[in-house]
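First comes the structure, then the notes that go with it.
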Amino acid sequence: QVFLVLNELGGQADDQAVGWACSEANVPQSLWIDQAFEEARFGSVHQYGASYDLSLELSAQGFLKRRLDQLPPEKRQNVVASSQKILRRQNQVLAGANADAVDPRTALAYRTAPAKAALHASRAGRLDDALLWYDEAIKADPENPALLERAAHFLRAKTGNHARALSFARRACELAPTDPEAHFTAGWIAAGQGEVSEADRFLAAAEGSGKPKHLCALQRARSRVERADRKDGPIPPNDLAEIRQLLTRAREGVGNGERAQRHLSECERVNRTPGKVPAMRRINLFAVGLLRRAT
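Start counting the sequence shown at 94; every next residue gets the next number (the working numbering).
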């Protein structure tokens, strides 16, 4: 039962989750690690001082999935219920939330010890530490799209390493081709770089997988503004018309509340940008003004 529960958690777990899984099965954790896990050789253990992460091999995960499918419905439901209970506990530890505020995606992203350390360091503002822990987390859990997406978001938002952020986001999209969050983050990063075609591709996939249309439309508009800004020239008329259309779509179906207001404020910021004078032209106009005053 412990193996089946851990497999339902994605085949990756820290020592705390292993302890909870053993508790659910009424098995001492030390006994399970020293005997059952050692004898089965279904995976490996990565030690981090007093803590550890456990990884199940892909072949073992496939075997355990088949075994779960063969169980009677009641026993199968017990395994699923235990895994969901552990996910709730993990999320409570990560977010300090109550039992009703469950975010399985957060629990999936931060299911290993270094990933948890990355999250805590980031929240505490220790960005260098967070960066190191994200690297360790990805080494320990390289096929986790939720973790890669969160690492990409952190890199883009906190470090300015856009190229590396986009590489993580692309990998997350490869691993989870129908995940709207992975594709939206990739589109958001590409949009900030003015990579219009790549942003459009990722954002179309995000929208097709359920990401709200108004969020995707805003990022598509932003990508066109950023492209023009990086070229330091006027926005072509066709792009300008498209930006206006996208911003109109971005304002539709927003709803109410604090998030809606932040979104509308961002729409206004992007809306003002196409009318601005590009940087080099501002400098040239300023120089001309000085010359006129001098003469």
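Glycine included, C-beta positions come from ideal geometry on N, C-alpha and C. No experiment lies behind these values; they were computed from the predicted model shown.
Please state whether the Cβ-Cβ distance between Leu241 and Arg264 is less than 8 Å.
yes
Proximity test, Ala114 beta-carbon vs the ligand COA heavy atom, cut-off 7 Å:
Absence of the ligand COA from the depicted structure is noted, as is the absence of any ligand whatsoever, leaving it without description.
I need the straight-line Cα distance from Asp234 to Ala106, nearest angstrom please.
10 Å
Please report the straight-line C-alpha distance between Ala321 and Phe96, rounded to a whole angstrom.
The alpha-carbon atoms of Ala321 and Phe96 are separated by roughly 54 Å.
So Pro207 and Trp226 are in contact, right, with Cβ under 8 Å, and what is the actual spacing, rounded?
5 Å
Using the beta-carbon count (16 or more within 10 Å), is Asn349 buried or exposed?
exposed
According to DSSP, residues forming a beta bridge with Tyr141:
Ser144
DSSP three-state call for Gln105: helix, strand or coil?
strand
What are the boundary residues of the alpha helix (DSSP H) that Gly285 is part of?
273 to 285
Give every residue of the same chain whose Cβ lies closer than 7 Å to the Cβ of Glu150, excluding the five residues on either side of it in the sequence, and list them in chain order.
Phe135, Gly136
Distance, Cα to Cα, Ser148 vs Gln154?
10 Å
Alpha carbon of Thr278 to alpha carbon of Ile328, nearest angstrom
If you draw a straight line from the Cα of Thr278 to the Cα of Ile328, it is about 25 Å long.
Look at the alpha carbon of Ser302 and the alpha carbon of Arg344, and state the distance between them as a whole number of angstroms.
20 Å
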